[in-house]
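*Asks:* Got a structure for you, written out below as structure tokens; questions coming shortly.
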Amino acid sequence: LDGEVDQTLGEPTTHGVATTRGVADNTYGDAYHYAEPYRVLGKSHLRDEDLQSESGFFYARLRHERYLNNQTHLSGTSSSATLAPGQVLTISGDAPKAFASRVVITKITTRAARDRSLTCDFEAMPYALRLCFRPEVPPKPQIAGTLPARITHPQSNPMYTEIDDHGRYRVKFLFDRDTWPAGRESKWLRQARAYAGDTYGLHLPLIAGTEVAIAFEQGDPDRPYIAHGLHDDQHPDLVTQRNDHRNVLRTPANNKLRMDDTRGQEHIKLSTEYGGKSQLNLGHLVDGQRKKRGEGFELRTDDWGSLRAGKGVFISADAQPKAQGPVLDMDAAVARLQQAGEQLQQLSSDAQTARAEPADVAAQLNLLRQDLEQLKSQVLLLSAPQGIAVTSGKHLQLAAKDNLMLNAGGEADLSVVKRLFIGVGQGVSLFVRKLGIKLIANQGPVSVQAQNDKLELIARHGLDITSTEDEIHITAKKKIVLNGGGSYLSLDTNSIESGTAGDHKVKAAHFEHSGAATQAQDMPAQSRLAEHPTTSSDLSDFSA
Numbered sequence: 001l002d003g004e005v006d007q008t009l010g011e012p013t014t015h016g017v018a019t020t021r022g023v024a025d026n027t028y029g030d031a032y033h034y035a036e037p038y039r040v041l042g043k044s045h046l047r048d049e050d051l052q053s054e055s056g057f058f059y060a061r062l063r064h065e066r067y068l069n070n071q072t073h074l075s076g077t078s079s080s081a082t083l084a085p086g087q088v089l090t091i092s093g094d095a096p097k098a099f100a101s102r103v104v105i106t107k108i109t110t111r112a113a114r115d116r117s118l119t120c121d122f123e124a125m126p127y128a129l130r131l132c133f134r135p136e137v138p139p140k141p142q143i144a145g146t147l148p149a150r151i152t153h154p155q156s157n158p159m160y161t162e163i164d165d166h167g168r169y170r171v172k173f174l175f176d177r178d179t180w181p182a183g184r185e186s187k188w189l190r191q192a193r194a195y196a197g198d199t200y201g202l203h204l205p206l207i208a209g210t211e212v213a214i215a216f217e218q219g220d221p222d223r224p225y226i227a228h229g230l231h232d233d234q235h236p237d238l239v240t241q242r243n244d245h246r247n248v249l250r251t252p253a254n255n256k257l258r259m260d261d262t263r264g265q266e267h268i269k270l271s272t273e274y275g276g277k278s279q280l281n282l283g284h285l286v287d288g289q290r291k292k293r294g295e296g297f298e299l300r301t302d303d304w305g306s307l308r309a310g311k312g313v314f315i316s317a318d319a320q321p322k323a324q325g326p327v328l329d330m331d332a333a334v335a336r337l338q339q340a341g342e343q344l345q346q347l348s349s350d351a352q353t354a355r356a357e358p359a360d361v362a363a364q365l366n367l368l369r370q371d372l373e374q375l376k377s378q379v380l381l382l383s384a385p386q387g388i389a390v391t392s393g394k395h396l397q398l399a400a401k402d403n404l405m406l407n408a409g410g411e412a413d414l415s416v417v418k419r420l421f422i423g424v425g426q427g428v429s430l431f432v433r434k435l436g437i438k439l440i441a442n443q444g445p446v447s448v449q450a451q452n453d454k455l456e457l458i459a460r461h462g463l464d465i466t467s468t469e470d471e472i473h474i475t476a477k478k479k480i481v482l483n484g485g486g487s488y489l490s491l492d493t494n495s496i497e498s499g500t501a502g503d504h505k506v507k508a509a510h511f512e513h514s515g516a517a518t519q520a521q522d523m524p525a526q527s528r529l530a531e532h533p534t535t536s537s538d539l540s541d542f543s544a
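Using the UniProt record's numbering, you'd call the opening residue of the sequence shown number 1 and step up by one each time.
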């Protein structure tokens with residue numbers, strides 16, 4: 001038996017080869033191995049059997065022991081045929097202290113021939129109960145580049161893809177000649193994506209039959225992943241020479257985001273087939289034949305639509321070129337509302353001077369200043385410099401729980417083909433500053449009633465009551481008094497009295513006196529509403 005000792009403890013190296021032999025004080029330094037195939041880190045303070053299997057520190061211990069195996073090395077040659085790997089030998093003679101506890105054979109190379117005797121070249125390391133032999137990891141095959149494959153599914157022609165709880169796919173390699181159950185041709189593979197994170201990222205599912213390129217992490221055949229998807233002649237690209245100016249994201253169900261870069265005709269389309277094509281179109285709008293159908297933006301659907309903003313909505317046709325200005329730039333709208341408020345304030349002041357009921361100007365001004373300006377409250381503001389039209393094929397309703405305000409700087413026209421009903425709970429004040437009031441009924445009677453109070457008709461100049469083709473009846477249940485310049489005529493139940501400070505002239509072709517007589521007169525029916533309506537708690541303001 002002849003042997004040689006190599007006891008290297010990580011001395012300085014030149015080109016990766018130890019420069020000295022014997023005992024050294026240095027260590028190996030950091031041994032860094034990236035992307036070890038472990039799932040948990042483990043705990044560094046655990047040792048031996050307590051260390052979690054296949055954890056990060058488990059693999060670190062294996063590599064550490066492999067370094068320790070190579071620190072002290074015994075090699076030799078023997079003619080004994082009984083030597084075998086794993087045998088423990090006792091070393092005698094002038095051996096280093098490291099071999100005092102015996103050695104364990106780690107490698108044997110046996111040679112023999114007819115013309116020479118048997119020789120066994122062996123390698124050994126110091127034997128220790130707490131240090132295992134860790135052979136060098138054999139080199140692993142490497143795969144460069146990518147391999148072609150297709151996404152698989154257990155079903156034939158599926159509508160949707162098959163992925164697991166981690167969003168991984170199964171594939172069939174195009175070169176694989178073996179027969180596998182459908183959808184089980186590979187293990188689950190991850191897909192590389194442009195954006196990924198903890199439950200966020202970009203994932204566009206790959207349908208069965210899609211060609212993909214399989215890459216391998218660090219060239220390791222045991223660590224494949226889907227690098228990207230590919231189009232082929234059976235699955236053509238959605239952007240070709242025919243529409244090379246378009247940037248398109250489209251799903252198998254034709255949900256679509258299209259951005260057209262045609263210079264001077266740029267547009268964006270966001271569309272889904274549900275709801276008879278629910279779409280948002282921006283810019284230069286085209287139809288299916290790429291013919292122009294409009295400009296600007298269109299939000300449309302054949303189903304229902306809802307526009308909701310919890311803090312307020314501002315819809316404006318006031319120009320803001322090139323989006324230069326704040327989002328809530330409503331100066332033009334506010335200016336028009338302020339002008340309307342000032343006009344109302346002047347008319348209300350004139351009405352009060354004329355002893356008419358003034359308008360509630362404060363409510364309108366408070367709405368503008370406290371709510372509408374910059375959408376300080378949950379309000380809806382519509383603004384257009386040239387006009388707003390609201391039309392309905394059937395019904396149109398305007399309702400306000402508190403105040404309804406209508407202002408016009410010019411004229412206001414209200415046209416009703418059939419009936420017009422105006423119901424007021426407490427009072428009507430109608431004031432005209434110039435040109436008067438006309439109330440005309442071309443057909444049918446005109447009835448003006450004060451059912452439970454008096455009726456006043458006052459004019460600075462004349463008061464004309466005319467019946468062009470019939471009679472005039474003036475009726476009072478108790479008394480009628482006609483007074484002109486102090487002269488009067490009084491009619492009541494028991495007497496008729498006339499008086500004047502001047503002449504009293506009676507002209508008649510025939511004058512006849514007879515006995516007492518009266519004429520019965522039916523009075524119009526009167527009604528009185530309940531003081532507190534009971535139909536709704538919201539009508540409490542109707543109380544007298």
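Ideal Cβ positions, reconstructed from N, Cα and C, are used throughout, including at glycine.
Predicted, not measured: the structure shown is a model, and the values here were computed from it.
#1: May I have the straight-line CA-CA distance separating Val-334 from Glu-373, to the nearest angstrom?
#2: Return yes when the Cβ of Asn-254 is within less than 8 Å of the Cβ of Glu-273, no when it is not.
#3: To the nearest angstrom, how far is it from the Cα of Gln-241 to the Cα of Arg-263?
#4: Spatial neighbours of Gln-526 within its chain, please: CB distance less than 8 Å, with the 5 preceding and 5 following residues excluded, ordered by chain position.
#5: If I measure Cβ to Cβ from Asp-302 and keep anything under 6 Å in the same chain, skipping five residues before and after, which residues do I get?
#6: Which of the three DSSP states is assigned to His-64 in this structure?
#7: With distances taken Cα to Cα, identify the nearest neighbour of Pro-139 among Val-424, Pro-221 and Tyr-200.
#8: Which same chain residues, not among the five before or five after Ala-144, have their C-beta less than 7 Å away from its C-beta?
#9: Quick one: what does DSSP say Val-428 is sitting in, helix, strand or coil?
#10: Give the range of the alpha helix (DSSP H) segment to which Ser-348 is assigned.
#11: Name the DSSP beta bridge partners of Ile-496, please?
#12: How many Å lie between Asp-25 and His-33 at the Cα?
#13: Within its chain, find whatever has a CB closer than 7 Å to the CB of Tyr-160; leave out the 5 residues flanking it on each side and keep chain order.
#14: With 16 as the cutoff for other CB atoms within 10 Å, does Phe-421 come out buried or exposed?
#15: Which word fits Leu-297, buried or exposed, when buried means at least 16 other C-beta atoms lie within 10 angstroms of its C-beta?
#16: So what's Gly-56 in DSSP terms, helix, strand or just coil?
#17: From the DSSP secondary-structure annotation, give me the bridge partner or partners of Phe-173.
#18: Just the C-alpha distance for Glu-342 and Asp-522, rounded to the nearest angstrom, thanks.
#19: CA-CA distance, Arg-308 and Arg-300?
#20: Count Cβ pairs between the stretch 376-396 and the stretch 312-325 that sit closer than 8 Å; are there 3 or more?
#21: Once the 5 residues before and after Glu-54 are set aside, which same chain residues still bring their CB inside 7 Å of it?
*Replies:* Quick look at the numbers:
#1: Within the sequence shown, the letter at position 334 stands for residue 334. Within the sequence shown, the letter at position 373 stands for residue 373. Cα to Cα, the separation comes out at about 7 Å.
#2: Here residue 273 is taken as the residue at index 273 of the sequence shown, counted from 1. Here residue 254 is taken as the residue at index 254 of the sequence shown, counted from 1. In this structure, Glu-273 places its C-beta atom within 8 Å of the C-beta atom of Asn-254.
#3: Taking the sequence shown and counting its residues from 1, one reaches residue 241 at position 241. Taking the sequence shown and counting its residues from 1, one reaches residue 263 at position 263. Whole-angstrom Cα-Cα distance: 17 Å.
#4: Counting from 1 along the sequence shown, the entry for residue 526 is found at position 526. Gln-451 and Asn-452, listed in sequence order.
#5: Position 302 of the sequence shown, counted from the start, is the residue given in the question as residue 302. Counting only Cβ-Cβ distances below 6 Å, and skipping sequence neighbours, we find Gly-275 and Gly-276.
#6: For the purposes of this step, residue 64 is taken as the residue at position 64 of the sequence shown. Correct three-state label for His-64: helix.
#7: Within the sequence shown, residue 139 is the residue found at index 139, counting from 1. For Pro-139, the nearest C-alpha among the options comes from Pro-221.
#8: For the purposes of this step, residue 144 is taken as the residue at position 144 of the sequence shown. For Ala-144, where only same-chain residues beyond five positions count, the Cβ hits under 7 Å are Gly-219.
#9: Within the sequence shown, residue 428 is the residue found at index 428, counting from 1. Correct three-state label for Val-428: coil.
#10: What you label residue 348 is simply residue 348 of the sequence shown in a count that begins at 1. Where Ser-348 is concerned, the enclosing alpha helix (DSSP H) stretches over 331-353.
#11: The residue given as residue 496 occupies position 496 in the sequence shown. Here Ile-496 is bridged, per DSSP, to Leu-491.
#12: Position 25 of the sequence shown, counted from the start, is the residue given in the question as residue 25. Position 33 of the sequence shown, counted from the start, is the residue given in the question as residue 33. Only weak support exists for where Asp-25 lies, its pLDDT of 46 falling under 50; the coordinates are left without a value.
#13: Here residue 160 refers to the residue found at position 160 when the sequence shown is read from its first residue. Answer for Tyr-160: no residue qualifies.
#14: On the sequence shown, residue 421 is found 421 positions in, with the first residue counted as 1. Under this definition Phe-421 is an exposed residue.
#15: Walking along the sequence shown from the start, residue 297 turns up at place 297. As written in the sequence, residue 297 is Phe, which differs from the Leu given in the question. Phe-297 should be labelled exposed.
#16: Your numbering for residue 56 matches position 56 in the sequence shown. DSSP places Gly-56 in the helix class (H, G or I) of the three-state scheme.
#17: Taking the first residue of the sequence shown as position 1, residue 173 is located at position 173. Bridge partners of Phe-173: Ala-149.
#18: Residue mapping note: residue 342 aligns to position 342 of the sequence shown, counting from 1. Residue mapping note: residue 522 aligns to position 522 of the sequence shown, counting from 1. Computed Cα separation, rounded: 50 Å.
#19: Translated into the one-based positions of the sequence shown, residue 308 becomes position 308. Translated into the one-based positions of the sequence shown, residue 300 becomes position 300. Near 15 Å, if we compare the C-alpha coordinates of Arg-300 and Arg-308.
#20: Because the criterion of three Cβ pairs below 8 Å is met, the stretch 376-396 and the stretch 312-325 touch.
#21: Looking up residue 54 in the sequence shown gives position 54. The beta carbon of Glu-54 sits closer than 7 Å to those of Tyr-38, all from its chain and outside the five residues before and after it, given in chain order.
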